[in-house]
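**Q** Residue numbers (our numbering): 10 to 295.
Yeah, the Cβ is synthetic: ideal placement off N, Cα and C, and Gly gets one too.
Mind having a look at this structure? Questions to follow.
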């Protein structure tokens with residue numbers, strides 16, 4: 010009887026433990042998610058003709074080139090490897106910065122897009138026509154995406170699929186909301202689309218004003234933190250041109266110092282980004 014009770018107790022504890030952890034996705038699903046994130050990053054950065062594989066190849070090639078050059082200059086493999094890792098991460102870092110700057114510009118354009126849609130709806134245009142006219146009357150930076158929507162709709166006549174392609178081209182959370190509102194209105198009907206668009210336009214303008222003020226106040230703090238993170242490595246690059254200084258990093262103690270410095274840099278930079286950056290709207294409607 011005691012054995013049975015023990016087995017039942019163990020099975021209950023195992024069930025409770027198993028229920029507390031979500032099942033891990035398989036390797037294929039993880040790779041698909043990573044590829045989707047990289048593709049969204051490329052779209053948000055406004056980079057055309059570059060695939061996730063091309064980005065990975067460019068990062069690897071840049072890292073190898075810096076590794077070879079730094080090894081030839083410093084004769085210290087540890088220093089060369091450290092700068093090669095930074096160089097390999099540079100393309101992705103540049104794209105993230107470019108995507109943030111472009112998204113900040115687009116954040117100021119979405120209220121105008123919503124106003125154009127609202128005007129088209131009030132004028133009695135059909136939803137596809139109201140969206141397609143943004144290719145001619147909308148903000149210049151967003152016109153190519155809406156021109157492509159108009160071409161897709163003329164070729165297929167399938168509004169839902171054309172909206173999916175438009176959301177993929179824009180890769181923006183505000184665009185996702187607009188797309189889903191248009192899709193629901195087309196599918197189930199209703200007369201509240203104009204009111205909803207006016208409310209969304211007012212909300213976007215209020216959010217833009219508040220975010221602009223916060224970014225202006227904290228920008229100097231972020232720049233100072235980036236300078237503090239980069240300064241030790243700039244000093245190391247200057248010192249590594251001297252043979253006596255570079256020789257110190259060919260020892261085990263020198264390698265340990267570089268590893269500790271690299272870990273501290275990554276941790277400090279990650280914390281700085283997490284603390285100093287304003288939260289971005291996730292793409293949940295996709």
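(1) Under the assumption that residue 127 contacts residue 207 (Cβ atoms under 8 Å), give the Cβ distance between them as a whole number of angstroms.
(2) Nearest to residue 123 by alpha carbon, out of 226, 270 and 202?
(3) If we require 4 or more residues per run, which alpha helix (DSSP H) segments fall completely within the stretch 175–209?
(4) Apart from the five residues just before and just after residue 277, which ones in its own chain have a Cβ nearer than 7 Å to its Cβ?
(5) First and last residue of the alpha helix (DSSP H) that includes residue 162?
(6) Nearest-angstrom Cα distance between residue 117 and residue 225?
(7) With a cut-off of 8 Å, do at least 3 Cβ pairs link the stretch 134–141 to the stretch 160–169?
(8) Under three-state DSSP, which class holds residue 71?
(9) What did DSSP end up calling residue 286 once you bin it into helix, strand or coil?
(10) With distances taken between CB atoms, is the gap from residue 267 to residue 91 smaller than 7 Å?
(11) Measure the beta-carbon distance from residue 84 to residue 254 and round it to whole angstroms, keeping in mind my assumption that it falls under 8 Å.
(12) With DSSP collapsed to three states, give me the class of residue 131.
(13) Between which two residues does the alpha helix (DSSP H) harbouring residue 103 extend?
(14) With residue 253 as the anchor, note down where its alpha helix (DSSP H) starts and where it stops.
(15) Quick check: is the beta carbon of residue 56 nearer than 7 Å to any beta carbon in chain B?
(16) Can you tell me whether DSSP reads residue 63 as helix, strand or coil?
(17) Does DSSP put residue 58 in a helix, a strand or coil?
(18) Which residue comes first and which comes last in the alpha helix (DSSP H) that contains residue 137?
(19) Please classify residue 60 as buried or exposed, where buried requires at least 16 other C-beta atoms within 10 Å of its C-beta.
(20) Could you tell me whether the stretch 204–222 touches the stretch 104–120, where touching means 3 or more Cβ pairs closer than 8 Å?
**A** For this structure:
(1) Distance from residue 127 to residue 207 at the Cβ level is roughly 6 Å; contact confirmed, criterion being Cβ atoms closer than 8 Å.
(2) Looking from the CA of residue 123, the closest CA among 226, 270 and 202 belongs to 202.
(3) With a minimum length of 4 residues, the continuous alpha helix (DSSP H) runs that stay inside the stretch 175–209 are 182–197.
(4) Excluding sequence positions up to five before and after residue 277, its CB lies within less than 7 Å of the CB of 238, all in the same chain and listed in chain order.
(5) Going by DSSP, residue 162 is part of the alpha helix (DSSP H) stretching over 152–165.
(6) Rounded to whole angstroms, residue 117 to residue 225 spans 15 Å at the Cα level.
(7) Output reads yes: the stretch 160–169 touches the stretch 134–141.
(8) Residue 71 falls in the helix class under three-state DSSP.
(9) It is coil, neither helix nor strand.
(10) The beta carbons of residue 267 and residue 91 sit closer together than 7 Å.
(11) So it is not a contact: roughly 11 Å between Cβ atoms.
(12) DSSP, reduced to helix, strand and coil, places residue 131 within a helical segment of the structure shown.
(13) Looking at the DSSP string, the run of the alpha helix (DSSP H) that includes residue 103 is 86–116.
(14) Looking at the DSSP string, the run of the alpha helix (DSSP H) that includes residue 253 is 252–257.
(15) No chain B is present in this structure, which holds just one protein chain.
(16) Correct three-state label for residue 63: helix.
(17) DSSP places residue 58 in coil when its eight states are reduced to three.
(18) Note, residue 137: alpha helix (DSSP H), 136–141.
(19) With a threshold of 16 other beta carbon atoms within 10 Å, residue 60 falls short and is exposed.
(20) Yes, the stretch 204–222 is in contact with the stretch 104–120.
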